[in-house]
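Accompanying notes for the structure given below.
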Amino acid sequence: MMARDDGSNLIFLTLYIIGVTYTFNRMIDSIDDKIKYIFNKAAVDEQLKEKNLQDDIGISFKLSPSYDMDELKELSVSIENKSQDLAIYVDWDNCSLVVDYSKQSRRVIRKSPDLTRDLAVPQSPSLIAPAKTFSVAVAAEDVFQRDAATGTYKVNIPLINVSALGKSPVKAQKVLFKQFMDGKKTLEFSLQLVLRISELRVGISPGEDKPPMCIVNCPFTIKKLPWWYALPWNKRR
Numbered sequence: 563m564m565a566r567d568d569g570s571n572l573i574f575l576t577l578y579i580i581g582v583t584y585t586f587n588r589m590i591d592s593i594d595d596k597i598k599y600i601f602n603k604a605a606v607d608e609q610l611k612e613k614n615l616q617d618d619i620g621i622s623f624k625l626s627p628s629y630d631m632d633e634l635k636e637l638s639v640s641i642e643n644k645s646q647d648l649a650i651y652v653d654w655d656n657c658s659l660v661v662d663y664s665k666q667s668r669r670v671i672r673k674s675p676d677l678t679r680d681l682a683v684p685q686s687p688s689l690i691a692p693a694k695t696f697s698v699a700v701a702a703e704d705v706f707q708r709d710a711a712t713g714t715y716k717v718n719i720p721l722i723n724v725s726a727l728g729k730s731p732v733k734a735q736k737v738l739f740k741q742f743m744d745g746k747k748t749l750e751f752s753l754q755l756v757l758r759i760s761e762l763r764v765g766i767s768p769g770e771d772k773p774p775m776c777i778v779n780c781p782f783t784i785k786k787l788p789w790w791y792a793l794p795w796n797k798r799r
């Protein structure tokens with residue numbers, strides 16, 4: 563009699579464990595995936611050092627600790643002119659955003675406080691005066707969509723459409739997406755800033771002294787975060 567009870571208890575325990583495991587796995591599946599964007603500041607600092615500009619220029623980005631899969635639609639960049647006698651211009655029309663897995667180079671659009679009505683209009687360079695910092699949000703041209711009612715353009719598409727990789731007709735991209743979701747691979751992209759630098763000199767007319775051009779590659783890594791980052795009580799969100 564005791565042996566029969568032990569057998570029944572074992573069956574009930576096994577069914578209970580299977581039920582809890584199934585429920586737990588379903589709970590994990592229902593949690594939104596979280597990803598992290600990592601700016602490689604050391605690589606940028608090294609480039610500036612090679613160009614002997616480490617004491618003149620500082621570049622940083624404002625990023626959250628984590629994002630939903632396709633949440634990020636623009637980059638917030640700050641460019642600091644740390645010099646006392648240099649004028650730094652950001653040549654937006656020559657800047658680009660490059661996605662490694664697609665080898666695609668995309669035109670960068672500086673978001674204006676005004677309504678954007680025409681993406682084809684040339685963008686004026688932004689001047690950063692000595693000892694000043696310029697902060698702006700930028701996006702790729704192809705993430706803007708035109709509102710038929712207002713005739714203006716708004717950012718409605720993810721800057722890096724990670725989930726689209728899983729639906730790609732290219733097999734290699736589907737494989738890459740699965741490896742990314744499993745945490746085995748990271749995704750890479752970069753913002754290439756084109757800067758023009760001019761020394762301020764008394765008595766020299768603007769445009770008379772042509773400044774040199776400097777290309778700074780700002781690399782980013784996209785990493786899939788473990789499922790527990792999405793839990794409400796996780797302070798690392």
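Everything in the sequence shown is counted per the working numbering, starting at 563 for the first residue and increasing by one.
Heads up, the beta-carbon is just placed ideally off N, CA and C, and yes, glycines get one too.
Keep in mind that this is a model prediction, so the values were computed, not measured.
Query                                                                                                                                                         : Result
Just to confirm the assignment, what range does the beta strand (DSSP E) spanning Leu689 have?                                                                : Ser688 to Ile690
Which one or two residues does DSSP pair with Gln707 in a beta bridge?                                                                                        : Lys716
According to the Cβ coordinates, are Lys644 and Asp662 closer than 8 Å?                                                                                       : no
Look at the alpha carbon of Gln685 and the alpha carbon of Ile719, and state the distance between them as a whole number of angstroms.                        : 21 Å
With distances taken Cα to Cα, identify the nearest neighbour of Lys747 among Asp709, Val652, Gln735 and Ser626.                                              : Gln735
Asn656 by DSSP, collapsed to three states: which one?                                                                                                         : helix
For Gln666, name the three-state secondary structure that DSSP assigns.                                                                                       : strand
Could you tell me the distance, in whole angstroms, from the CA atom of Arg758 to the CA atom of Pro627?                                                      : 32 Å
Using CA atoms only, rank isn't needed, just tell me which of Ser664, Asp704 and Lys603 is closest to Arg672.                                                 : Asp704
If you count every other CB in all the chains shown that lies within 10 Å of the CB of Leu753, and 16 or more means buried, which is it?                      : buried
Taking one C-beta from the stretch 648-657 and one from the stretch 691-702 each time, how about it: are there three or more such pairs within less than 8 Å? : yes
Measure the C-alpha to C-alpha separation of Gln875 and Thr714 and round it to an integer number of angstroms.                                                : A query on residue 875 cannot be resolved here, the shown segment of the chain reaching from 563 to 799 and no further.
Roughly how many whole angstroms lie between the Cα atoms of Asp744 and Lys786?                                                                               : 8 Å
In the stretch 589-622, which residue ranges form an unbroken alpha helix (DSSP H) of at least 4 residues, counting only runs that do not cross its ends?     : 603-612
Let's test the definition: count the other Cβ atoms within 10 Å of the Cβ of Arg679 and tell me whether it reaches 16, buried, or not, exposed.               : exposed
Run through DSSP, which three-state label would Gln646 get?                                                                                                   : coil
Report yes if the C-beta distance between Ser760 and Ala649 is below 8 Å; otherwise report no.                                                                : yes
Would the beta-carbon of Val717 fall within 8 Å of that of Asp653?                                                                                            : no
Can you tell which of Ala693, Asn723 and Lys694 has the C-alpha that lies nearest to the C-alpha of Gln666?                                                   : Asn723
How long is the line joining the alpha carbons of Thr712 and Lys613, rounded to whole angstroms?                                                              : 45 Å
For the beta strand (DSSP E) containing Leu536, name the first residue and the last one.                                                                      : As displayed, the chain neither begins before 563 nor continues past 799, which places residue 536 out of reach and without an answer.
Compare the Cα-Cα distances from Tyr651 to each of Ser688, Gln609 and Leu615 and report the closest residue.                                                  : Ser688
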